[in-house]
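Enquirer:
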Amino acid sequence: MRLQATRLLGWRGQESKEAIPYLLPFVDGHNDLHQITAIALAEIGYEKFDELIPALLVALEKGLIYLTRMNAARMLIQDKTHLSKVLPHLIKALEEDSDFRFRQKIARYFGEINDPTVKKALIKAKESDKHTVVRSVAMSSLDDLEKL
């Protein structure tokens, strides 16, 4: 119940700003609630995003379900000021995660980041990922980067 309520607060975005003080105690830790809370706070627009990065990275790497990992990746990429900290983790996920849906989402998100390391990771995914969908999305993202 607490997980779903926290998710809903995040989905409401800025409308849930009044809930921030109640959510903050649940950011530190490694379980599902901590991961979902960090994602919700990022979606709400918590001003101290850098405090959320450790929990978002745990969610990215150890989230039990695809949606948790995908939303953590989305939040980490959305905040462009901390990309240098998080890109190595995102690239590792693109290269190593077992879920092709997650890898293709990261490849899609990478189409918005004009960075040489991102481009290199997309080329590698396009050429050698074991799943056709990931290879196709990586190619599409590389095309998107050419338009930036």
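Read in numbering that gives the first Met the number 0, the sequence shown has 35 at position 36, and its numbers run on one by one without any break.
Using N, Cα and C, we set each Cβ at its ideal position, and we do this for glycine too.
These numbers were taken from a predicted model, which means no experiment stands behind them.
(1) On the premise that alanine 71 lies in contact with leucine 86, defined as a C-beta separation below 8 Å, what is that separation, rounded to the nearest angstrom?
(2) Can you tell me where the alpha helix (DSSP H) with methionine 74 in it begins and where it stops?
(3) Could you tell me the alpha carbon to alpha carbon distance between alanine 18 and phenylalanine 101, rounded to whole angstroms?
(4) Can you find the residues in the same chain that come closer than 7 Å, C-beta to C-beta, to alanine 39, ignoring five residues on each side of it along the sequence?
(5) Is it right to say leucine 121 is buried, meaning 16 or more other beta carbons lie within 10 angstroms of its own, or is it exposed?
(6) For the alpha helix (DSSP H) holding lysine 129, just list the boundary residues, first then last.
(7) Where do the N-terminal and C-terminal ends of the alpha helix (DSSP H) with aspartate 49 fall, by residue?
(8) Pull up the CB-CB distance for phenylalanine 99 and valine 132, whole angstroms please, since I reckon it's below 8 Å.
(9) Can you tell me where the alpha helix (DSSP H) with lysine 84 in it begins and where it stops?
(10) Within 10 angstroms of its Cβ, does isoleucine 64 collect 16 or more other Cβ (buried), or is it exposed?
(11) Pull up the distance between the alpha-carbon of glutamine 201 and that of alanine 37, whole angstroms please.
(12) Among Arg107, Asp114, Lys119, which residue has its Cα nearest to the Cα of arginine 73?
(13) Going by C-alpha distance, which of Gln103, Tyr45, Glu46 is nearest arginine 68?
(14) What do you reckon, are the CB atoms on threonine 116 and isoleucine 90 nearer than 8 Å?
(15) Which first and last residues belong to the alpha helix (DSSP H) in which leucine 40 is found?
Expert: Reading from the atomic positions:
(1) Here the question's residue 86 lines up with position 87 in the sequence shown. Here the question's residue 71 lines up with position 72 in the sequence shown. Incorrect: roughly 14 Å between the Cβ atoms, too far for contact.
(2) Your numbering for residue 74 matches position 75 in the sequence shown. Element bounds for methionine 74: 65–77.
(3) Looking up residue 18 in the sequence shown gives position 19. Looking up residue 101 in the sequence shown gives position 102. Approximately 29 Å, taken between the alpha carbons.
(4) Counting from 1 along the sequence shown, the entry for residue 39 is found at position 40. Cβ contact annotation for alanine 39 (same chain, cutoff 7 Å, sequence separation greater than five): Thr5, Arg6, Leu8, Gly9, Leu22, in chain order.
(5) As a working note, residue 121 is residue 122 in the sequence shown. Buried, since its Cβ has 16 or more Cβ neighbours within 10 Å.
(6) Numbered from 1 along the sequence shown, position 130 holds the residue referred to as residue 129. Here lysine 129 belongs to no alpha helix (DSSP H), and DSSP marks it neither H nor E.
(7) If you number the sequence shown from 1, residue 49 lands on position 50. 48–61 is the extent of the alpha helix (DSSP H) around aspartate 49.
(8) Taking the first residue of the sequence shown as 1, we reach residue 99 at position 100. Taking the first residue of the sequence shown as 1, we reach residue 132 at position 133. Confirmed, Cβ separation roughly 6 Å.
(9) Mapped onto the sequence shown, residue 84 falls at position 85. Note, lysine 84: alpha helix (DSSP H), 82–95.
(10) Residue numbering aside, residue 64 sits at position 65 when the sequence shown is read from its first letter. Here isoleucine 64 is exposed: its Cβ has fewer than 16 other Cβ atoms, across all protein chains shown, within 10 Å.
(11) Shown here, the chain extends from 0 to 147; a query on residue 201 therefore has no answer.
(12) Translated into positions along the sequence shown, residue 73 becomes position 74. Comparing Cα positions, the closest option is Arg107.
(13) Position 69 of the sequence shown holds residue 68. Comparing Cα positions, the closest option is Gln103.
(14) Indexing the sequence shown from 1 puts residue 116 at position 117. Indexing the sequence shown from 1 puts residue 90 at position 91. Yes, these two residues count as a Cβ contact at 8 Å.
(15) One-based indexing of the sequence shown puts residue 40 at position 41. Taken as a continuous stretch (DSSP letters only), the alpha helix (DSSP H) holding leucine 40 covers 31–43.
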